Amino acid sequence: MARQTTSSIFEDLRLVDADRLRRLVRMGAYEGHTGGLARGKLQANVVIVPRSFASDFHQFCIRNPKPCPLVGVSRAGSPLIPALGDIDIRTDAPQYNIYHFGELTRQKTDVIDLWRDDFAAFALGSSLTVEAALAEKGVQLRRIGCGKASPKFRTRIETCRVGPFGGEMVVSMRPIRRCDVDKVRALTARFPHAHGSPVHVGDPSIIGIRDLMAPDRGDAVEIMEGEVPVFWASSLTAQDALARAELAISITVSPGHMLITDVDARADGGAFRV
Numbered sequence: 139m140a141r142q143t144t145s146s147i148f149e150d151l152r153l154v155d156a157d158r159l160r161r162l163v164r165m166g167a168y169e170g171h172t173g174g175l176a177r178g179k180l181q182a183n184v185v186i187v188p189r190s191f192a193s194d195f196h197q198f199c200i201r202n203p204k205p206c207p208l209v210g211v212s213r214a215g216s217p218l219i220p221a222l223g224d225i226d227i228r229t230d231a232p233q234y235n236i237y238h239f240g241e242l243t244r245q246k247t248d249v250i251d252l253w254r255d256d257f258a259a260f261a262l263g264s265s266l267t268v269e270a271a272l273a274e275k276g277v278q279l280r281r282i283g284c285g286k287a288s289p290k291f292r293t294r295i296e297t298c299r300v301g302p303f304g305g306e307m308v309v310s311m312r313p314i315r316r317c318d319v320d321k322v323r324a325l326t327a328r329f330p331h332a333h334g335s336p337v338h339v340g341d342p343s344i345i346g347i348r349d350l351m352a353p354d355r356g357d358a359v360e361i362m363e364g365e366v367p368v369f370w371a372s373s374l375t376a377q378d379a380l381a382r383a384e385l386a387i388s389i390t391v392s393p394g395h396m397l398i399t400d401v402d403a404r405a406d407g408g409a410f411r412v
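For what it's worth, my numbering labels the leading residue of the sequence shown as 139, then goes sequentially.
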């Protein structure tokens, strides 16, 4: 039997529901990107910090809802956020980044061995949530299914600082056909916990981006004739804030490797418990 290609595996997974997809991730059977998967379900970034910093980080998210749409908070010491589904924060994202004093030190497919009783976990909605919805409406996103992460850029848009957490907003960029821009604005506005509508359309220099082919993170995507760059606030803003805070340890999911939840992508509520 011929081996499946990465592309064919991805296409098969697009038909898998959220619960089964999470179980595959938990077993280590899938470690790839999640954009375009689990149609209709909210995808979430995960941030894990020691409890002593949890209150400040919580307020940072509340004061910066566009880049950090807070959809779930665990109790200190618990890896569970029941309101988001049958989820174990330690295992259910395909890949995690581990930071020590603001530096990325390694990546892991689970963080069971690193978990501590004083950890608090936060779930932040991801714009990957809406990619399937955009594709369904005929909006062409050329990178879906190619195993690439959307390009991310630091901007000169300042966030509201809380305690040690602050810095500039990070945005994700997707090339959109000019004829689709109004449709994209209207559609993404219906997903407030997935960053909602774009923060900027067009000339990147206005928000402090010099070169679209040199993203700070993710994969460069060329703007083709008839397209314009469209920018959404990104929860990588939170990762940058963590790096600046230089905590002894913090954990996030790796870019593009989100936690799949059971929450309807258009839901406007979540779990808000510390």
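Here a beta-carbon is modelled for each residue, glycine too, at the ideal position from N, C-alpha and C. Since this is a predicted model, take the numbers as computed values, not measurements.
If distances are taken between C-alpha atoms only, which option among A192, Q197, I345, G223 comes closest to R213?
The option with the nearest alpha carbon to R213 is A192.
Which residue spans inside the stretch 231 to 315 form an unbroken alpha helix (DSSP H) run of at least 4?
Correct list: 269 to 274.
DSSP has K421 in a bridge; who is on the other side?
A question about residue 421 goes unanswered here, because the residues of the chain that appear run from 139 up to 412.
Have a look at T247 and G223 and give me their C-alpha separation to the nearest angstrom.
Their Cα atoms are separated by approximately 20 Å.
Where does I186 sit, in a helix, a strand or coil, going by DSSP?
I186 falls in the strand class under three-state DSSP.
Let me check understanding here. Comparing Cα to Cα, which of D341, P353, H171 lies closest to G394?
For G394, the nearest C-alpha among the options comes from H171.
How far does the alpha helix (DSSP H) with F195 in it extend, from its first residue to its last?
First-last of the alpha helix (DSSP H) with F195: 192 to 201.
Closest to P207 by C-alpha separation, out of A376, L397, D357, G240, would be which residue?
Of the candidates A376, L397, D357, G240, the one whose C-alpha sits nearest the C-alpha of P207 is A376.
Leaving aside the five residues before and after W253 along the sequence, list all residues of the same chain whose C-beta is less than 8 Å from its C-beta, in chain order.
Taken in chain order, the residues that qualify are P217, R228.
In whole angstroms, give me the CA-to-CA distance for M362 and A332.
Approximately 26 Å between the Cα atoms of the pair.
What are the start and end residues of the alpha helix (DSSP H) that includes A332?
Segment: none, A332 is in no alpha helix (DSSP H) and carries neither H nor E.
First and last residue of the alpha helix (DSSP H) that includes V163?
Taken as a continuous stretch (DSSP letters only), the alpha helix (DSSP H) holding V163 covers 156 to 164.
Between the C-alpha atoms of V268 and A403, what's the straight-line distance to the nearest angstrom?
So the two alpha carbons sit approximately 8 Å from each other.
Determine, using beta carbons only, whether A261 and A358 come nearer to each other than 9 Å.
Result no, Cβ atoms of A261 and A358 do not sit closer than 9 Å.
Look up I389 in the DSSP assignment and say whether it is helix, strand or coil.
DSSP places I389 in strand when its eight states are reduced to three.
So is D230 buried or exposed if we call it buried at 16+ other beta carbons inside 10 Å?
It counts as buried.
Quick one: what's A371 bridged to in DSSP?
Partner(s): V309.
Counting only the same chain and skipping the five closest in sequence on each side, list residues whose C-beta sits under 6 Å from that of L151.
Only L175 meet the Cβ criterion.
For A371, which residues from the same chain have a beta carbon less than 7 Å from its beta carbon, with the 5 sequence-adjacent residues on both sides left out?
Same-chain partners within the cutoff: K204, P205, M307, V309, H333, V337.
So the candidates are N202, V187, I200, F195; which of them puts its Cα closest to the Cα of D255?
Residue V187 is the option with its Cα nearest to D255.
So, is T243 buried or exposed, given that buried needs 16 or more other C-beta atoms within 10 angstroms?
When all chains shown are included, T243 counts as exposed.
If we count the other Cβ atoms within 10 Å of its Cβ and call it buried at 16 or more, is D320 buried or exposed?
Flag for D320 reads exposed.
By DSSP's criteria, R382 is part of a beta bridge. Which residues make up the other side?
Note: R382 sits in no beta bridge, so no partner.
State yes or no: is the C-beta of R328 within less than 9 Å of the C-beta of L279?
No, they are not a contact pair.
Over what stretch of residues does the beta strand (DSSP E) that includes L208 continue unbroken?
Run containing L208: 208 to 211, per the beta strand (DSSP E) assignment.
Compare the C-alpha of L385 against each of L159, P342, R158, D194 and name the closest.
Comparing Cα positions, the closest option is D194.
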